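Taken in order, the sequence shown gives residues 181 to 582; the numbers are from this note's numbering.
Glycine included, C-beta positions come from ideal geometry on N, C-alpha and C.
Predicted model, so just to flag it, every value in this text is computed and none were measured.
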Amino acid sequence: MLQPRLTLRSLQNSCRCLSSITARAYSSTLLQKPDGPAEPEKETPSFAFAPPPMRDKEGLGMRSYTPRTPGLRHLRRPINDHLWKGRPVHKLTFPKRGHGKGGRNSTGRVTVRHRGGGHKRRIRTVDFERKEPGPHTVERIEHDPNRNAHIALIKSKKTGKLSYIIAAEGMRAGDVVESYRAGIPDELWQSMGGTVDPGVLAARTAWRGNCLPLHMIPVGSLIYNIGLKPGKGGQLCRAAGTFATITLKATEELPEEIQQAESVSSEEGDAKLLTLQERHKLKQLADHVTIRLASGEVRLIHKDCCATIGVASNAYFKYRSLGKAGRSRWLNIRPTVRGLAMNAKDHPHGGGRGKSKGNVHPKSPWGKPAKSGYKTRPKHRVNKAVVIPRVRNQGKRRRGYN
181 MLQPRLTLRS LQNSCRCLSS ITARAYSSTL LQKPDGPAEP EKETPSFAFA
231 PPPMRDKEGL GMRSYTPRTP GLRHLRRPIN DHLWKGRPVH KLTFPKRGHG
281 KGGRNSTGRV TVRHRGGGHK RRIRTVDFER KEPGPHTVER IEHDPNRNAH
331 IALIKSKKTG KLSYIIAAEG MRAGDVVESY RAGIPDELWQ SMGGTVDPGV
381 LAARTAWRGN CLPLHMIPVG SLIYNIGLKP GKGGQLCRAA GTFATITLKA
431 TEELPEEIQQ AESVSSEEGD AKLLTLQERH KLKQLADHVT IRLASGEVRL
481 IHKDCCATIG VASNAYFKYR SLGKAGRSRW LNIRPTVRGL AMNAKDHPHG
531 GGRGKSKGNV HPKSPWGKPA KSGYKTRPKH RVNKAVVIPR VRNQGKRRRG
581 YN
């Protein structure tokens with residue numbers, strides 16, 4: 181029989197931040213009421229029920245299992261009890277068939293190694309563009325076997341049309357999301373008095389799961405599913421737990437300043453205030469928004485491109501552990517054979533008497549250097565949209581191939 185004293189003691193140890201002293205069964209002090217009128221209590225913020233500033237295994241959002249079998253001993257999965265247990269909407273899916281499931285292209289040759297087998301699955305058609313305006317209700321959050329982020333089934337309140345979108349972290353069934361790519365609705369325009377206040381507009385539109393143009397999102401917001409070209413859908417930050425931060429956005433007065441400077445320079449003739457390079461930079465800043473990716477890369481994106489407020493769902497996916505090799509085979513992943521274990525005709529590291537690859541630098545099966553800082557990007561094709569490139573090799577310098 182479980183004693184109540186033990187349960188109370190374990191509860192106090194686990195919630196030590198809630199009680200600073202041990203509980204007594206008798207009264208230690210007597211509180212007397214004051215003679216004067218009672219003063220109204222002041223409402224002060226209390227942090228007594230705040231969790232302790234620490235993260236243990238239980239607070240990480242991962243689920244482990246009792247090792248009744250060897251495959252459960254190291255199994256770790258994110259806790260996603262809110263996901264839909266049934267099947268997807270059939271009309272929004274299509275089957276994945278043919279030799280493409282085994283990593284082959286249209287000619288039948290292997291283009292992606294270590295693919296094959298796995299459970300049969302249907303491809304979910306996800307709406308990355310979000311061009312349909314109006315409020316949409318989140319019907320449910322589903323698991324997509326073709327991506328590591330969760331997807332949300334949304335339904336339009338006006339037309340009743342169903343579609344899939346990438347769910348944001350914290351999005352649940354019953355939430356209302358909206359896309360503002362077509363512009364500001366008339367109802368919202370009239371509620372603001374016919375004038376656009378950036379602060380009021382951001383407070384009413386920049387909510388989790390809403391899709392907006394980049395020029396409508398305030399600086400410092402976390403965004404995902406970011407487009408690279410105006411009119412197209414999202415292409416960046418679509419994986420689980422990924423996001424970007426808006427770091428710089430042009431003010432409304434910048435285009436007027438550029439026009440004034442050009443008019444003054446044209447009137448003065450030879451005495452030009454702005455050079456061509458300075459004009460180009462100012463126009464680029466006026467037409468683009470600067471964002472910082474999780475890799476540290478800072479790049480420019482056109483202000484009319486779309487983005488979704490929030491962080492991509494299933495953020496704890498990177499902490500998962502499959503636990504056994506069979507689960508990789510269920511996921512259509514075949515084993516990776518080391519080149520050292522192959523024959524000499526199959527890999528540059530193969531062959532020989534023993535487990536030595538010889539005096540050979542690490543290479544791919546086709547003879548290209550696999551390490552030593554071998555650069556594969558062409559020097560004459562530099563991405564001009566990148567302001568600060570991402571740090572490679574933790575900022576350490578590599579000597580070797582150029």
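The C-alpha of residue 311 is placed about 41 angstroms away from the C-alpha of residue 515.
Between the region 482–489 and the region 454–472 there are three or more C-beta pairs closer than 8 angstroms, enough to call the two in contact. Taking 8 angstroms as the cut-off, the Cβ atoms of residue 496 and residue 240 count as close. Within the region 479–546, the runs of beta strand (DSSP E) that reach at least 3 residues and sit entirely inside it are, in chain order, 486–489. In its chain, beyond the 5 residues on either side, 372 have a beta carbon closer than 8 angstroms to the beta carbon of residue 380. Residue 343: member of the beta strand (DSSP E) spanning 342–346, first to last residue. Taking the CA atoms as reference points, residue 322 sits about 43 angstroms from residue 559. For residue 472, there is no enclosing alpha helix (DSSP H); the enclosing beta strand (DSSP E) covers residues 468–473. A straight line joining the alpha-carbon of residue 493 with that of residue 347 spans about 6 angstroms. In the DSSP assignment, residue 416 falls within the beta strand (DSSP E) that extends over 414–416. Separation of the CB atoms of residue 305 and residue 272 is rounded to 5 angstroms, and the pair is thereby assigned contact status at 8 angstroms. Contact between residue 490 and residue 349 holds: CB atoms are separated by about 6 angstroms, below the 8 angstroms threshold. In the structure shown, the three-state DSSP call for residue 357 is strand. Between residue 511 and residue 298, the CB-CB gap stays under 8 angstroms. Using a 10 angstroms sphere on the CB of residue 523, the tally of other CB atoms stays under 16, which defines it as exposed. Following the DSSP letters along the chain, one finds residue 318 inside the beta strand (DSSP E) bounded by residues 314–322.
If the five residues before and after residue 531 are omitted, its C-beta is found closer than 7 angstroms to the C-beta atoms of 523 and 524, all from its own chain and listed in chain order.
In this structure, 282 is the residue among 302, 539 and 282 with its C-alpha nearest to the C-alpha of residue 509.
Residue 257 and residue 242 do touch by the CB rule: their CB atoms are close to 7 angstroms apart, below 8 angstroms. Separation of residue 396 and residue 388 (C-alpha to C-alpha, rounded to the nearest whole angstrom) is 14 angstroms.
For residue 424, the uninterrupted beta strand (DSSP E) run begins and ends at 424–429, by DSSP. The beta carbon of residue 569 sits closer than 7 angstroms to the beta carbons of 477 from its chain, once the five residues preceding and following it are set aside; these are given in chain order. In the same chain as residue 410, and ignoring 5 residues on each side of it, the C-beta atoms closer than 7 angstroms to its own belong to 482, 484 and 485, in chain order. Counting the other Cβ atoms within 10 Å of the Cβ of residue 429 gives 16 or more, which makes it buried.
Following the DSSP letters along the chain, one finds residue 275 inside the beta strand (DSSP E) bounded by residues 273–275.
In this chain, the beta strand (DSSP E) harbouring residue 392 covers 391–393. Its Cα nearest to that of residue 334, the residue 353 stands out among 422, 519 and 353. Taking the Cα positions, residue 293 is about 13 angstroms away from residue 279. Around residue 361, the same chain offers 310, 311, 391, 393 and 486 as residues with beta carbons nearer than 7 angstroms, after the five sequence neighbours per side are excluded.
Between residue 325 and residue 301, the C-beta gap is smaller than 8 angstroms, which places the two residues in contact. Between residue 422 and residue 474, the C-beta gap is smaller than 8 angstroms, which places the two residues in contact. Distances from the alpha-carbon of residue 315 to those of 328, 355, 307 and 245 put 355 closest. With contacts defined as CB atoms closer than 8 angstroms, residue 424 and residue 328 fail to qualify as a contacting pair. Residue 259 and residue 307 have their C-alpha atoms some 26 angstroms from each other. Under the DSSP definition of a beta bridge, residue 244 partners with 256.
The three-state secondary structure of residue 278, taken from DSSP, is helix.
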